[in-house]
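Notes to accompany the following structure.
Numbering (the working numbering), first residue to last: 25 to 646.
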């Protein structure tokens with residue numbers, strides 16, 4: 025059998041990379057660049073290169089963000105792989121082997137067909153989510169999320185896996201289907217459709233950490249250890265939040281302490297929504313809701329009782345569909361009726377004329393519905409009644425309001441909505457930036473729909489260059505990003521040069537996140553020039569404020585003091601004035617140069633010097 029890598033640990037456990045054809049292979053996440061594609065957010069687009077030589081297979085690291093480790097060590101140069109070598113790519117650990125694997129030696133191995141389904145809420149950085157571990161059971165047909173929400177949905181063939189030649193009814197290599205009395209059914213979120221068996225008299229940790237959780241959700245809005253689910257021997261369910269960032273929601277209400285739940289309750293962890301189903305009770309079909317009754321391949325989907333539960337939950341949280349108590353409707357109807365009588369009585373005093381009803385064109389009505397969303401464009405087909413929406417909205421509330429306006433237009437039969445919610449894009453990118461210590465001072469905001477603004481501070485120019493390279497590769501709307509990040513190293517140099525050019529060498533400053541703090545002293549006769557200097561510093565890009573703690577002093581006191589660097593051991597007088605001095609063992613007179621500084625005056629206790637417009641002094645007492 026040819027050389028191969030087999031995944032023994034990680035999110036793609038069981039995956040086998042065969043090196044049969046060709047001389048060189050790329051392993052990575054980008055299907056356009058890689059020969060072997062690994063669905064793992066921690067894998068780079070081009071992660072590792074494997075090369076066949078007469079000596080064997082060489083492995084070379086290509087990732088700077090999450091390097092390839094060979095036997096737990098980072099190698100800068102290609103390494104010849106030996107039998108049993110451990111190769112870590114992202115979160116997956118492969119073992120190198122050239123031995124045959126009997127269960128995979130079929131003449132024509134089958135390809136495992138994977139049907140990709142889109143989650144109820146698109147995650148614009150789907151390929152950055154934590155991978156789903158092999159402990160998460162799946163439905164009768166295996167589904168996986170799209171590698172990236174920017175790629176088109178399609179059916180693809182997976183790489184050869186240990187499941188590829190399993191026949192119907194054979195035992196799976198790990199516990200995928202559970203006959204437990206309870207079933208956790210994910211009905212919304214990135215893992216929509218997943219079914220997980222729940223045993224009685226057990227405790228489960230729910231979250232996105234594959235290392236510490238019993239049930240793992242591939243969802244950025246879910247905390248690493250989000251909630252704890254305890255099932256007693258009698259089947260009583262208790263749910264407790266573990267201090268998660270987004271909280272644990274039961275039937276639309278956040279829980280603050282351990283709460284008893286029932287199989288009829290709907291639980292939300294971030295954007296992931298699930299139910300606990302009693303398998304001993306009459307079974308229902310769980311339906312993962314989407315924006316229409318058609319799937320992404322144009323096939324009509326079946327209605328189910330779970331859809332009614334989701335619709336009721338939406339109506340409770342959607343202010344436009346909230347139910348109004350009958351007593352308020354009766355009161356409002358009475359007021360409206362009285363108002364109508366008053367209005368009709370008033371207009372009956374005037375001569376009536378026929379009212380012409382202006383029929384609006386379909387395009388005009390759609391434009392009015394989208395008037396509040398200038399960054400959204402549409403294309404409408406009158407023959408089919410189908411509308412296609414593209415563009416950006418700033419917040420999820422605006423997205424919901426836009427959908428409501430479109431739904432109120434009667435002649436629209438179907439909607440294909442690809443509008444991006446910018447605040448989700450910014451939040452996801454900020455979470456990534458905050459995980460890098462050098463980029464924690466950078467923040468991406470949304471000043472208006474379709475525009476992104478990067479602000480903040482980075483200490484060095486090198487860190488700023490790495491940030492720009494990362495944004496160029498990973499930020500999906502680079503043409504809409506205004507990068508105004510300030511490099512403190514460059515700003516420090518600008519302030520230093522500005523102070524030196526204005527002959528305020530005795531001043532010192534500190535730069536703290538855009539605040540410039542000035543201290544020291546300056547010549548009191550240069551008060552006007554000093555105020556002009558403050559204005560120039562305030563105009564520098566990245567400076568938020570200038571705090572002035574400098575003190576005006578006399579001209580000599582404002583000079584730069586070099587007394588600690590030179591020692592005066594003698595002086596001579598001429599006509600009652602000092603004429604020369606012995607400085608560091610050498611005799612200097614008026615006009616001489618000391619280390620490039622010209623002596624402009626020798627006084628009884630001070631030597632005055634100048635260089636390049638800066639003024640210095642050496643104090644001494646003989």
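Ideal placement from N, C-alpha and C gives every residue a C-beta, glycine not left out.
- Remark: C-beta atoms of residue 481 and residue 512 approach each other more closely than 8 Å.
- The DSSP assignment places 219-222, 226-231 as complete runs of the beta strand (DSSP E) inside the region 211-250, in order along the chain (cut-off: 3 residues).
- Annotation: the continuous beta strand (DSSP E) that includes residue 531 extends over 531-536.
- As computed with DSSP, residue 49 is found in a beta bridge with 74.
- A direct Cα-Cα distance of roughly 10 Å separates residue 247 from residue 240.
- Here DSSP, grouped into helix, strand and coil, assigns residue 575 to strand.
- Residue environment for residue 286: exposed (fewer than 16 other C-beta atoms within 10 angstroms of its C-beta).
- Secondary structure remark: continuous alpha helix (DSSP H) runs of at least 4 residues inside the region 401-463, in chain order: 420-431, 446-458.
- Counting C-beta pairs with one atom in each stretch, the region 584-596 and the region 557-575 have fewer than three that are closer than 8 Å, which means they do not touch.
- A check of alpha carbon separations from residue 635 across 623, 60, 357 identifies 623 as the nearest.
- Residue 498 and residue 586 have their C-alpha atoms roughly 52 Å apart.
- Per DSSP, reduced to three states, the secondary structure at residue 268 is coil, with no helix or strand assignment.
- Taking a contact as a CB-CB distance under 8 Å, the pair residue 225 and residue 255 counts as one, their CB atoms being some 7 Å apart.
- Residues 438 of the same chain have their beta carbon placed closer than 6 Å to that of residue 410, with the five preceding and five following residues left out of the count.
- Beta-bridge annotation (DSSP): residue 31 is paired with 118.
- Of the other Cβ atoms in all chains shown, fewer than 16 fall within 10 Å of the Cβ of residue 108; this residue is therefore exposed.
- Rounded to the nearest whole angstrom, the CA to CA distance from residue 366 to residue 358 is 13 Å.
- When C-alpha distances from residue 535 are compared across 517, 53, 301, the shortest belongs to 517.
- A direct Cα-to-Cα measurement between residue 261 and residue 509 gives close to 50 Å.
- Sorting 88, 124, 106 by C-alpha distance to the C-alpha of residue 113 places 88 at the top.
- Residue 501 is a Cβ neighbour of residue 476, given a cutoff of 8 Å.
- As computed with DSSP, residue 480 is found in a beta bridge with 466.
- In this chain, the beta strand (DSSP E) harbouring residue 84 covers 80-85.
- Counted as a single uninterrupted DSSP element, the stretch harbouring residue 525 is not any beta strand (DSSP E) but the alpha helix (DSSP H) occupying residues 512-525.
- When secondary structure is reduced to three states using DSSP, residue 275 falls in the coil class, being assigned neither helix nor strand.
- When secondary structure is reduced to three states using DSSP, residue 592 falls in the strand class.
- In this structure residue 66 is buried. Its beta-carbon is surrounded by 16 or more other beta-carbon atoms within 10 angstroms.
- Closest in alpha carbon position to residue 451, among 426, 420, 441, 428, is 420.
- Rounded to whole angstroms, the Cβ separation of residue 605 and residue 620 is 17 Å, and the two are not in contact under 8 Å.
- Of 453, 479, 369, the smallest CA-CA separation from residue 465 is found for 479.
- Residues of the same chain with a CB within less than 7 Å of the CB of residue 269, apart from the 5 flanking positions on each side, are 247 in chain order.
- Residue 467 and residue 490 have their alpha carbons spaced roughly 15 Å apart.
- Here residue 440 is near residue 413, since their CB atoms are less than 8 Å apart.
- The criterion of a C-beta distance shorter than 8 Å is not satisfied by residue 44 and residue 119.
- Leaving aside the five residues that flank residue 617 on each side, none in its chain has a CB nearer than 7 Å to its CB.
- Shown here, residue 471 sits in a strand according to DSSP, grouped into three states.
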